[in-house]
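Undergrad:
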Amino acid sequence: MNIFKQLYRSLYSPKDIASYRFQGIGKTILYVFLLVLVSILPAAYNLAIFSSSAIEESISAVESELPSFSIEDGALVSDSQEPVTVRKEYLTFVMDSTGSISLSELSAANDAVALLKDEFALVIAGQVQSYPYSMLDGLEADNEEIVSFLETLDSLKGIILFVFILILYLFSAGMTFIKVSIFALIARLFANALFTKLPYRQAWRITAYSITLSTIFFTVMEMLNTFVPASFFLDWIVTSIVLYLTIKEMPKKKKT
Numbered sequence: 002m003n004i005f006k007q008l009y010r011s012l013y014s015p016k017d018i019a020s021y022r023f024q025g026i027g028k029t030i031l032y033v034f035l036l037v038l039v040s041i042l043p044a045a046y047n048l049a050i051f052s053s054s055a056i057e058e059s060i061s062a063v064e065s066e067l068p069s070f071s072i073e074d075g076a077l078v079s080d081s082q083e084p085v086t087v088r089k090e091y092l093t094f095v096m097d098s099t100g101s102i103s104l105s106e107l108s109a110a111n112d113a114v115a116l117l118k119d120e121f122a123l124v125i126a127g128q129v130q131s132y133p134y135s136m137l138d139g140l141e142a143d144n145e146e147i148v149s150f151l152e153t154l155d156s157l158k159g160i161i162l163f164v165f166i167l168i169l170y171l172f173s174a175g176m177t178f179i180k181v182s183i184f185a186l187i188a189r190l191f192a193n194a195l196f197t198k199l200p201y202r203q204a205w206r207i208t209a210y211s212i213t214l215s216t217i218f219f220t221v222m223e224m225l226n227t228f229v230p231a232s233f234f235l236d237w238i239v240t241s242i243v244l245y246l247t248i249k250e251m252p253k254k255k256k257t
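In this note's numbering, the protein residues as written are 2 to 257.
So, in structure tokens, the structure goes:
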């Protein structure tokens with residue numbers, strides 16, 4: 002059966018999933034890779050949109066909206082006598098050469114870039130990471146040099162984005178294979194409880210297809226930017242139910 006038909010039928014048919022236990026392991030592994038690819042599409046899309054917009058907003062802010070500044074001897078130097086904040090669609094930019102803004106204050110911004118007196122700070126989803134200018138020995142830069150760096154980054158964003166998405170894909174694939182391996186053990190427990198013969202290799206195959214419903218559900222929710230409470234437990238419950246129903250479709254052991 003076509004792998005895409007298998008994906009579709011795995012959304013609603015435990016009987017079909019049960020029949021896949023006899024197919025080759027290679028096709029099952031390929032199916033897992035396909036499922037992982039589908040699952041990361043929303044994250045990859047959001048990453049592409051955010052990175053492109055963030056670089057463009059950074060160039061605009063540094064070039065024309067933030068006061069002139071320079072980084073000299075590990076410190077930010079500017080004629081501005083007070084902190085400057087520039088809010089964009091995706092990022093908030095903060096420049097403070099006076100030293101009046103603390104790192105804890107930055108956490109109020111969801112996503113932000115901050116040039117502080119002695120350090121550079123990056124805020125992602127309210128989590129602040131700071132890097133002292135002194136980390137880069139001999140660092141000297143001003144508006145023009147930073148804009149030039151950002152433009153270079155913009156020209157390379159396709160390559161950088163590809164690398165990040167590849168890392169995301171490989172990490173997600175690794176976690177999915179671990180998940181399938183764990184649930185295959187649970188499938189064996191279900192099989193014993195239902196007096197059904199199910200070797201581990203077959204349990205692994207049906208588990209790979211049993212995670213389809215929960216994977217597609219959470220992918221759609223992510224596409225819609227919809228928060229699902231207790232998603233981890235919901236994922237495990239749905240997968241367990243599909244596994245149980247699948248094993249019920251298999252013939253029971255013959256009584257002796």
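C-beta atoms are modelled at their ideal positions from N, C-alpha and C, and glycine is treated no differently.
Output the distance between the C-alpha atoms of Ile125 and Asn111, rounded to the nearest integer angstrom.
TA: For the purposes of this step, residue 125 is taken as residue 124 along the sequence shown, with counting starting at 1. For the purposes of this step, residue 111 is taken as residue 110 along the sequence shown, with counting starting at 1. Their backbone Cα atoms lie some 6 Å apart in a straight line.
Undergrad: So what's Ile30 in DSSP terms, helix, strand or just coil?
TA: On the sequence shown, position 29 is the one that residue 30 refers to. Three-state DSSP puts Ile30 in a helix.
Undergrad: Can you have a look at Thr227 and say buried or exposed, based on whether 16 or more other CB atoms are within 10 angstroms of its CB?
TA: Position 226 of the sequence shown holds residue 227. Thr227 should be labelled exposed.
Undergrad: Can you give me the Cβ contacts of Tyr91 inside the same chain, cut-off strictly under 8 Å, excluding the 5 residues immediately before and after it?
TA: By one-based count along the sequence shown, residue 91 stands at place 90. Cβ neighbours of Tyr91 beyond the five flanking positions: Phe51, Ser54, Ala55, Glu58 and Asp112.
Undergrad: Contact check, Ala62 vs Tyr134 under 8 Å by CB: the rounded distance?
TA: Taking the first residue of the sequence shown as position 1, residue 62 is located at position 61. Taking the first residue of the sequence shown as position 1, residue 134 is located at position 133. About 19 Å separates the two Cβ atoms, so there is no contact after all.
Undergrad: The beta strand (DSSP E) with Leu116 in it runs from where to where?
TA: One-based indexing of the sequence shown puts residue 116 at position 115. Leu116 -> beta strand (DSSP E) spans Asp112 to Leu116.
Undergrad: Who are the near neighbours of Thr93 in its chain, counting only those whose CB is closer than 6 Å to its CB and skipping five residues on each side?
TA: For the purposes of this step, residue 93 is taken as residue 92 along the sequence shown, with counting starting at 1. The answer, listed in chain order, is Ala110 and Ala113.
Undergrad: In terms of residues, what are the limits of the beta strand (DSSP E) holding Ala192?
TA: Residue numbering aside, residue 192 sits at position 191 when the sequence shown is read from its first letter. Counting along the chain, Ala192 falls outside any beta strand (DSSP E), though it belongs to the alpha helix (DSSP H) covering Lys158 to Ala194.
Undergrad: Is it true that the CB of Ile207 sits closer than 8 Å to the CB of Tyr21?
TA: Position 20 of the sequence shown, counted from the start, is the residue given in the question as residue 21. Position 206 of the sequence shown, counted from the start, is the residue given in the question as residue 207. Against a cut-off of 8 Å, the Cβ pair of Ile207 and Tyr21 comes out as a contact.
Undergrad: If you reduce the DSSP assignment to three classes, tell me which class Val87 lands in.
TA: Start at 1 with the first residue of the sequence shown, and residue 87 comes out as number 86. Strand.
Undergrad: What does the alpha-carbon distance come out to for the pair Met96 and Asp74?
TA: Sequence index remark: in the sequence shown, residue 96 carries index 95 (1-based). Sequence index remark: in the sequence shown, residue 74 carries index 73 (1-based). Each residue's alpha carbon lies about 17 Å from the other.
Undergrad: Tell whether a beta-carbon distance below 8 Å holds between Ser40 and Thr216.
TA: As a first step, residue 40 must be located in the sequence shown, where it is residue number 39. As a first step, residue 216 must be located in the sequence shown, where it is residue number 215. The answer is yes: Cβ separation under 8 Å.
Undergrad: Run through the DSSP bridge pairs and tell me what Gln130 is partnered with.
TA: Numbered from 1 along the sequence shown, position 129 holds the residue referred to as residue 130. DSSP lists Leu123 as partners of Gln130.
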